[in-house]
Amino acid sequence: MPIALVSTIAVLAIVILLVGNSPGWPRVQRGFFDFERFAEAWPSVVRGFLLNIQIFLIAEVLILVWALGLAILRNLKGPVFFPFRLFAIVYIDLFRGLPSILIVYVMGFAIPALGIPGVTKDVLFWAVVTLVLVWSAYVAEVYRAGLDSVHPSQEAAARSLGLSSVQAFRYVVLPQAIRRIVPPLLNDAIGLQKDTALVAFLGPVEAFRRAQVLAGGWFNYTPYLVSAVLFLLLTVPLARLVDWLTARDRKRYLAGAR
Numbered sequence: 048m049p050i051a052l053v054s055t056i057a058v059l060a061i062v063i064l065l066v067g068n069s070p071g072w073p074r075v076q077r078g079f080f081d082f083e084r085f086a087e088a089w090p091s092v093v094r095g096f097l098l099n100i101q102i103f104l105i106a107e108v109l110i111l112v113w114a115l116g117l118a119i120l121r122n123l124k125g126p127v128f129f130p131f132r133l134f135a136i137v138y139i140d141l142f143r144g145l146p147s148i149l150i151v152y153v154m155g156f157a158i159p160a161l162g163i164p165g166v167t168k169d170v171l172f173w174a175v176v177t178l179v180l181v182w183s184a185y186v187a188e189v190y191r192a193g194l195d196s197v198h199p200s201q202e203a204a205a206r207s208l209g210l211s212s213v214q215a216f217r218y219v220v221l222p223q224a225i226r227r228i229v230p231p232l233l234n235d236a237i238g239l240q241k242d243t244a245l246v247a248f249l250g251p252v253e254a255f256r257r258a259q260v261l262a263g264g265w266f267n268y269t270p271y272l273v274s275a276v277l278f279l280l281l282t283v284p285l286a287r288l289v290d291w292l293t294a295r296d297r298k299r300y301l302a303g304a305r
């Protein structure tokens with residue numbers, strides 16, 4: 048532990064010396080690390096970040112529900128369910144394969160431009176829809192991995208006790224699968240929170256957009272640093288929670304294997 052601490056401090060000191068003594072550092076410091084501008088931008092960017100959190104919470108709930116439905120469709124057995132499996136496979140491959148920013152533009156600009164009666168043009172609505180479409184494809188695969196990790200004997204044992212296939216899935220298979228995939232689900236939640244910044248391209252004034260407006264008005268990039276700090280304040284604790292849950296599950300597994 049002391050060796051690791053000393054080596055870390057040494058590396059940080061070298062990096063600081065290299066950066067601090069570089070010819071362009073004074074210009075970079077004024078442009079990116081102006082702490083007076085940081086203090087001025089903080090309240091405004093924080094207000095925008097509240098919108099990021101709101102978008103994240105709404106999208107996360109919808110993603111967890113829709114992704115579970117996709118995973119169930121993809122795991123359906125029998126030829127009669129082939130169309131449902133095909134739909135899930137195509138959906139997951141499509142939205143995992145396309146860049147998120149392209150889907151943001153299509154959903155945020157192309158769909159409202161169609162002028163379909165009864166279809167809203169609210170860009171915030173379409174921003175949430177975009178995040179749900181994209182991230183449900185990733186989360187569905189996490190669900191599927193969890194469902195596949197439950198041994199078939201668990202369902203067979205439940206059926207032998209008189210439970211229907213739906214009851215066996217609801218009360219036996221699904222709880223075990225969910226317990227095993229909590230860490231990767233939280234990892235996806237971290238990614239989703241970062242992707243809420245993409246909605247800025249549609250117009251909602253969230254943290255990144257507020258930082259962009261302030262940076263353009265001041266000709267100074269420090270507001271982007273405020274936005275970065277806010278995202279870190281939310282995502283780093285989530286990352287540590289993932290580490291803790293992973294370590295706890297590892298300890299439980301090792302205890303059970305003894």
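When you line the sequence shown up against our numbering, it's residues 48 to 305, in that order. Note that the Cβ used here is the ideal one computed from N, Cα and C, for glycine as well.
>> Runs of 3 residues minimum, wholly inside the stretch 64-103: which ones carry the beta strand (DSSP E) assignment?
In response: none
> Can you round the beta-carbon distance between V92 and R257 to whole angstroms, since I take them to be within the 8 angstroms contact cut?
Replying inline: 5 angstroms
> How would you call E253, buried or exposed, if buried means at least 16 neighbouring beta carbons within 10 angstroms?
Replying inline: buried
>> Tell me the rounded alpha-carbon separation between L180 and I110.
In response: 8 angstroms
>> Which same chain residues end up closer than 7 angstroms to F79 when comparing Cβ atoms and leaving out the 5 residues on each side of it in sequence?
In response: Y268, T269 and L272
> Where does S274 fall in DSSP's three states?
Replying inline: helix
>> At the level of alpha carbons, what is the spacing between A247 and L97?
In response: 13 angstroms
> If you draw a straight line from the alpha carbon of D81 to that of F156, how long is it in whole angstroms?
Replying inline: 36 angstroms
> Is the stretch 222-231 close to the stretch 191-200, with three or more CB pairs under 8 angstroms?
Replying inline: yes
>> Check for me: the alpha helix (DSSP H) holding K241 runs from which residue to which?
In response: L221 to D242
> CA-CA distance, A118 and F85?
Replying inline: 44 angstroms
>> Checking 8 angstroms against the spacing of the C-beta atoms, do W113 and S183 come in under that value?
In response: yes
> Roughly how many angstroms separate the alpha carbons of L133 and V213, rounded to a whole number?
Replying inline: 21 angstroms
>> For the pair the stretch 164-179 and the stretch 198-210, tell me if three or more CB-CB distances fall below 8 angstroms.
In response: no
> Between which two residues does the alpha helix (DSSP H) harbouring L171 extend?
Replying inline: V170 to S196
> Thinking C-beta only, is R121 closer than 8 angstroms to I105?
Replying inline: no
> Roughly how many angstroms separate the alpha carbons of Q76 and I158, rounded to a whole number?
Replying inline: 43 angstroms
> Would you report the Cα separation of L279 and V127, rounded to the nearest angstrom?
Replying inline: 47 angstroms
> The alpha helix (DSSP H) with F134 in it runs from where to where?
Replying inline: F129 to G144
> Quick one: Cα of V108 to Cα of I61, how far?
Replying inline: 45 angstroms
> Can you tell me whether DSSP reads E107 as helix, strand or coil?
Replying inline: helix
> DSSP three-state call for G155: helix, strand or coil?
Replying inline: helix
>> According to DSSP, is S211 part of a helix, a strand, or is it coil?
In response: coil
> In chain order, what residues of the same chain have a beta carbon less than 7 angstroms from the beta carbon of N234, not counting five sequence neighbours either side?
Replying inline: V289
> In angstroms, rounded to a whole number, what distance separates the CA positions of L64 and V283?
Replying inline: 26 angstroms
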